[in-house]
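Residues in the sequence shown are numbered consecutively from 52, following our numbering.
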Amino acid sequence: MLIFASLIGQNIGKAEQKLSGTVIGTEYSVNYSNFTKSTTVNTKYDAFDGNLDTFFASWDRSSISETEIPRTWVGLDLGEKYVISKVGWAPRNAPGFGERRVQLGLFEGANLPDFTDAVPLYLIPEPGIIGTMSYADVNCSRGFRYVRYLGPDDARCNIAELEFYGEPGEGDDSHLYTVSNLPTVVIYTNGDFYGRDPVDKVNNYTSTISIISNKDDGTTTFFTAPGTTRLRGNASMGFDKKPYRIKFDKKQNILDAPAKAKKWTLINSWGDKTMLRNSVSFEIARRMGMDYVPYCRLVDVIYNGDYKGTYQLCDQVEINTNRVNVTEMEITDVDGDALTGGYLMEVDGYAESEGEGHYFWSNRGIPVTMKSPDESNDLPACLNYIYNYFNALESAVWSENRANICRYMDLDSFLKLFLVGEMTGNTDTFWSTYFSKERNDDIVRFGPIWDNDLALDNDYRTHNYFINQSKNSEWLFETSSGGGSSKAGSMGDFVRHILNSVVSDRIYNLWSNALYNGGLESRSLQEYVDDLAEEIDLSQQYNFKRWPILDSLEHLNFQALGSYDAEVRYLRNYIYNRCVWMNVKTGVVASGVTELPAQPDYVEIYNLQGVKVYSGNSMPSLDRGIYIINRGGTTRKVVITK
Ligand code: CA
52 MLIFASLIGQ NIGKAEQKLS GTVIGTEYSV NYSNFTKSTT VNTKYDAFDG
102 NLDTFFASWD RSSISETEIP RTWVGLDLGE KYVISKVGWA PRNAPGFGER
152 RVQLGLFEGA NLPDFTDAVP LYLIPEPGII GTMSYADVNC SRGFRYVRYL
202 GPDDARCNIA ELEFYGEPGE GDDSHLYTVS NLPTVVIYTN GDFYGRDPVD
252 KVNNYTSTIS IISNKDDGTT TFFTAPGTTR LRGNASMGFD KKPYRIKFDK
302 KQNILDAPAK AKKWTLINSW GDKTMLRNSV SFEIARRMGM DYVPYCRLVD
352 VIYNGDYKGT YQLCDQVEIN TNRVNVTEME ITDVDGDALT GGYLMEVDGY
402 AESEGEGHYF WSNRGIPVTM KSPDESNDLP ACLNYIYNYF NALESAVWSE
452 NRANICRYMD LDSFLKLFLV GEMTGNTDTF WSTYFSKERN DDIVRFGPIW
502 DNDLALDNDY RTHNYFINQS KNSEWLFETS SGGGSSKAGS MGDFVRHILN
552 SVVSDRIYNL WSNALYNGGL ESRSLQEYVD DLAEEIDLSQ QYNFKRWPIL
602 DSLEHLNFQA LGSYDAEVRY LRNYIYNRCV WMNVKTGVVA SGVTELPAQP
652 DYVEIYNLQG VKVYSGNSMP SLDRGIYIIN RGGTTRKVVI TK
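See below:
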């Protein structure tokens, strides 16, 4: 027994070897006693001296407002590669705030001394305990020569003690760490932009972009490629949690996205506390049968060693076989057939910020941006062609003649976009409306939908509209209650003229088809929300530690419900109520009929006056007439002709 125990001891000893090496890290520390820059007091060596009362405090404070200064850190050059099995840490002995100075602190491993190839080893989820080492197992099979710890945001690293454990070896990539069950996107800026966070949409920072994904079966996929990153968006760019645009140097397939492309987006969802509104809206668009719905995947993001929170990794809306599928114009396409497409356009409330030559105002006052082509030997010729085309389309719309309108546009593509906008209650549907035109094709097609942060009742300007929605309510785009939904220029008139063009039969058919064949009904959508909420749960907990805003009104919020679960419940309820309303508004379900809880075989039958004529566990024989029948939770309008 003694021999056995001693063997075990040796094995543990090997796996749990406490590592030493050359202390590396941010050069300057702060001497708090006289608040001066120091190389002798509170230095990086104090994080490895075995004393829990001494600590490293960097001169610079790592902060979201200090975008020019690399985040401060301390670590070890191990001299050779080690596979790390455990990390330990103790917070600075400063009761009251020292504890919090390690929450969201990040351990990393790398094989380049500048850590631009770093991957995360562990993100500390909780405040530390003063005077006590805390430990976490590391589940990462890759070997690293360099390991380090970065303090969280708004701190001077502030760490009393660090320990790394592991065993020597190259290791492999069979398992890498992710912050949560979601894929983790890791971005490091390099070269002239080393360690700097982007501050605008103009400067593209050279970056290494990696994506780590752990599947349910335990397998890890690791992707890494060079590219650039910058900020993106409009209003969303102003929030502390920044939205990013990724552009790889070469087209890439990432995760399970259908498109191979250079450009991708990281959506920040600041005002949308559920962080699910884009995903849910895209699902509604899919069930509505829209041609193209942008790819969207929930991920965690680490940028230059700072955990930034939960994001949505999405397509860039652009021309691509698996995105907006029209011909991409060459720069020499300036006349003849080549000038007829393909175009990707946007009715765009922000058009004037695009710069002269990239947008126009239509004859009837709609601002339109030309997204593609954006480079051409004769850009004015392209813009002029599509300007004339759009004005012809607009004249047809203003004529309110359906046949005339259909000469210029795919009516169903517009009505689908309209119905998704109404179902999701997206204030911005006609503030930003994409459409495209293929080469040698006479019609434009509308879509995709994009930017749904304010959708699903998340905008104080339209909240009263949803509170008061009744069977007599107008469509959302018509509302002016509480400031109304936003429309770019005279886009509201554009929509109104189309609805006046005898399209109610198409609205009925499209909604009916989506409801009965596309799965666009409330219970199924609520299940979709529940699945996403489960998927995001661990990540959202980290996110709201990084950004504690669940109690505050952000962007256009009208309420702050104080918990993630409450925010999701509110979204679920909206979906139920709006589905009922849409079913009635489109005429697919008679007014006064409420969808019933699903019970297999249970049947309820109403006449067209909304009076219940039967309920029971089997279909009765019915007289001739029209009935509303709910069977097994699905409501249908049925004509009995026998
Ligand atoms: Ca120490």
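Glycine residues also receive a C-beta, built at the ideal position from the N, C-alpha and C atoms.
Answer with buried or exposed for Ile370, where buried requires no fewer than 16 other C-beta atoms within 10 angstroms of its C-beta.
It counts as buried.
Hey, quick one: how far does the beta strand (DSSP E) through Gln303 stretch, first residue to last?
For Gln303, the enclosing beta strand (DSSP E) starts and ends at Tyr295 to Gln303.
May I ask you to verify whether the stretch 614-630 touches the stretch 342-353, counting CB pairs closer than 8 Å and requiring at least 3?
no
For Val761, count the other beta carbons within 10 Å of its own beta carbon; 16 or more makes it buried, fewer makes it exposed. Which is it?
An answer regarding residue 761 cannot be provided, because it is not within the stretch 52 to 693 covered by the chain.
Out of curiosity, what's the CA-to-CA distance linking Gly661 and Ala641?
7 Å
Would you identify the three-state DSSP class for Phe517, choosing helix, strand or coil?
helix
Buried or exposed for Phe86, going by 16 or more other Cβ atoms inside 10 Å?
exposed
Who are the Cβ neighbours of Gly340 in its own chain at under 8 Å, not counting the five residues just before and after it?
Within the same chain, Lys467, Leu561, Asn564, Ala565 and Gly569 come within 8 Å of Gly340 by CB-CB distance, once the 5 residues on both sides are set aside.
For Thr259, list the residues DSSP reports as bridge partners.
Tyr239 and Pro277
Around the Cβ of Tyr593, are there at least 16 other Cβ atoms within 10 angstroms (buried) or fewer (exposed)?
buried
Given this structure, state the Cα-to-Cα distance separating Asn509 from Leu607, to the nearest angstrom.
7 Å
Helix, strand or coil, according to DSSP, for Lys313 in the structure here?
strand
According to DSSP, is Gly533 helix, strand or coil?
Low confidence applies to Gly533: its pLDDT is 49, below 50, so where it sits in the model is not reliable, and the reading given next is rough at best. Helix at Gly533.
Taking only the alpha-carbon atoms, compute the straight-line gap between Gly613 and Leu505 and give it to the nearest angstrom.
18 Å
Give the range of the beta strand (DSSP E) segment to which Arg348 is assigned.
Run containing Arg348: Cys347 to Tyr354, per the beta strand (DSSP E) assignment.
Can you tell which of Ser666, Ser258, Phe545 and Pro277 has its C-alpha closest to the C-alpha of Val398?
Phe545
Could you give the residue range of the beta strand (DSSP E) that holds Val471?
From DSSP, Val471 is part of no beta strand (DSSP E) but of the alpha helix (DSSP H) over Leu462 to Thr475.
Roughly how many angstroms lie between the CA atoms of Asn190 and Gly322, to the nearest whole one?
34 Å
Nearest CA to the CA of Asp129: which residue from Gly139, Leu103 and Asn162?
Checking the sequence shown, residue 129 turns out to be Leu, not Asp. Of the candidates Gly139, Leu103 and Asn162, the one whose C-alpha sits nearest the C-alpha of Leu129 is Asn162.
Report the start-end ranges of each beta strand (DSSP E) in the stretch 358-416 that is 3 residues or longer and not cut off at the edges.
394-399 and 410-412
For the stretch 370-379 against the stretch 456-470, are there 3 or more C-beta pairs whose distance is under 8 Å?
no
Answer with buried or exposed for Ala56, where buried requires no fewer than 16 other C-beta atoms within 10 angstroms of its C-beta.
At Ala56 the pLDDT is 37, less than 50, meaning the model places this residue with poor confidence and gives no usable figure here.
For the structure I just gave you, are there three or more beta carbon pairs, one from the stretch 177-192 and one from the stretch 137-157, closer than 8 Å?
yes
Just list the residues that DSSP pairs Pro171 with in beta bridges.
Glu159
Cβ of Ala141 within 8 Å of Cβ of Arg207?
no
By DSSP, does Leu227 sit in helix, in strand, or in coil?
coil
For Phe411, which of Ala389, Gly540 and Gly476 has the nearest alpha-carbon?
Gly540
By how many angstroms is the C-alpha of Ser575 removed from the C-alpha of Glu445?
38 Å
Taking the straight line between their C-alpha atoms, what separation do you get for Trp449 and Asp463?
18 Å
Does the beta-carbon distance from Leu327 to Ile677 come in below 8 Å?
no
Would you mind working out which of Tyr362, Ile500 and Ala454 sits nearest Pro234, comparing C-alpha positions?
Out of Tyr362, Ile500 and Ala454, Tyr362 has the C-alpha closest to the C-alpha of Pro234.
Taking the straight line between their C-alpha atoms, what separation do you get for Leu213 and Thr484?
52 Å
Considering Cα atoms alone, identify which of Arg122, Asn491 and Trp482 is closest to Leu201.
Arg122
So, with DSSP's three-state summary, where would you put Val134?
strand
Using CA coordinates, which residue listed in Arg458, Ser413, Tyr440 and Ala389 is at the minimum distance from Asp429?
Ala389
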